Amino acid sequence: MIRKTLSLLSLTAIGFFSAFSYAENLQIEGTFGVANLSKSGYTSGENSEISIAYTTPNIFYRVGGTYIGGFSLSEDRDHSDVNIGGIFAGVGNTFDLGFLDMDIEGGLLYSKLEASYQGRDLDEQNDTSPYLTVKFEKRLPKLVGIHLGYKYINDLSGSDINLIQAGVRFHF
Numbered sequence: 004m005i006r007k008t009l010s011l012l013s014l015t016a017i018g019f020f021s022a023f024s025y026a027e028n029l030q031i032e033g034t035f036g037v038a039n040l041s042k043s044g045y046t047s048g049e050n051s052e053i054s055i056a057y058t059t060p061n062i063f064y065r066v067g068g069t070y071i072g073g074f075s076l077s078e079d080r081d082h083s084d085v086n087i088g089g090i091f092a093g094v095g096n097t098f099d100l101g102f103l104d105m106d107i108e109g110g111l112l113y114s115k116l117e118a119s120y121q122g123r124d125l126d127e128q129n130d131t132s133p134y135l136t137v138k139f140e141k142r143l144p145k146l147v148g149i150h151l152g153y154k155y156i157n158d159l160s161g162s163d164i165n166l167i168q169a170g171v172r173f174h175f
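Its first residue numbered 4, the sequence shown is counted upward by one per residue in the numbering used here.
Structure follows, in structure tokens:
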């Protein structure tokens, strides 16, 4: 599921961004982090994302793929598993804070949740949820930046998700 999502994302992004003739306005970003559900009774999970963005002077448009997984029931960690994969699209604004840039982004996540118990698939749900991201980026050499951020996903299959993320961004 995740490989199909990332393949679809790559093809979509190539088509979407090939329409823009200014290659220097592109960003490619990879992010990793930890995930917590607002619903009690589950362990923390992990998160990884890859995305591409087109930027104008302060506004950017981003599409990407995400994986949120590794959740299990607190009382039965060895036998239960919940994983979420999806694609997202958002728009945001960049604020120059001097030595750091701050991004605020909002958008929609289309996801597929898969739950299993003792290796048997229990449930699959498709969902669309709004999200909000705040990231702080420190530019290193001209084309590379590292960032730390927080992402809030509202009501994804019955639970809000809080992500703490860190990653690298390449500017072209």
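Glycine included, every Cβ here is placed at the ideal spot set by N, Cα and C.
A quick note: this is a predicted structure, and the numbers were derived from the prediction, not measured.
Distance CB(residue i)-CB(residue j) smaller than 8 angstroms
{"i": "Q30", "j": "R172", "result": "yes"}
{"i": "Y120", "j": "S83", "result": "yes"}
{"i": "G48", "j": "I71", "result": "yes"}
{"i": "S75", "j": "V85", "result": "yes"}
{"i": "F102", "j": "L146", "result": "no"}
{"i": "L112", "j": "F91", "result": "yes"}
Residue from the options with nearest C-alpha to residue i
{"i": "V137", "options": "V147, N28, F98 and S119", "result": "F98"}
{"i": "D158", "options": "Q128, I62, L76 and I107", "result": "Q128"}
{"i": "I53", "options": "I107, E32 and P133", "result": "E32"}
{"i": "F63", "options": "N28, V147 and S132", "result": "N28"}
{"i": "I87", "options": "R123, G68, G122 and G148", "result": "G68"}
Own chain partners of residue i with C-beta closer than 6 angstroms, once the 5 adjacent residues on each side are dropped
{"i": "S162", "result": "L40, S41 and K42"}
{"i": "L151", "result": "F139 and A169"}
{"i": "P144", "result": "none"}
{"i": "D130", "result": "S114, L159 and S160"}
{"i": "F23", "result": "Note that F23 scores a pLDDT of 49, beneath 50, so its modelled location is shaky and nothing firm can be said."}
{"i": "A118", "result": "V85, L125 and D126"}
{"i": "I149", "result": "K141 and V171"}
{"i": "T34", "result": "E52, Q168 and G170"}
{"i": "M105", "result": "F98 and F139"}
Beta-carbon separation (whole angstroms), residue i vs residue j, contact threshold 8 angstroms
{"i": "S114", "j": "G89", "result": "3 angstroms"}
{"i": "I156", "j": "Y134", "result": "5 angstroms"}
Own chain residues within Cβ distance below 7 angstroms of residue i, not counting five before or after
{"i": "I167", "result": "G36, V37 and Y153"}
Close-in-space but distant-in-sequence residues of the same chain around residue i (CB under 8 angstroms, 5 per side omitted)
{"i": "G109", "result": "G93, V94, G95, P133, Y134, L135 and T136"}
{"i": "R123", "result": "none"}
Would you check if there are 3 or more beta carbon pairs closer than 8 angstroms linking the segment 56-65 to the segment 33-41? With the rule of 3 Cβ pairs closer than 8 angstroms, the segment 56-65 does not count as touching the segment 33-41.
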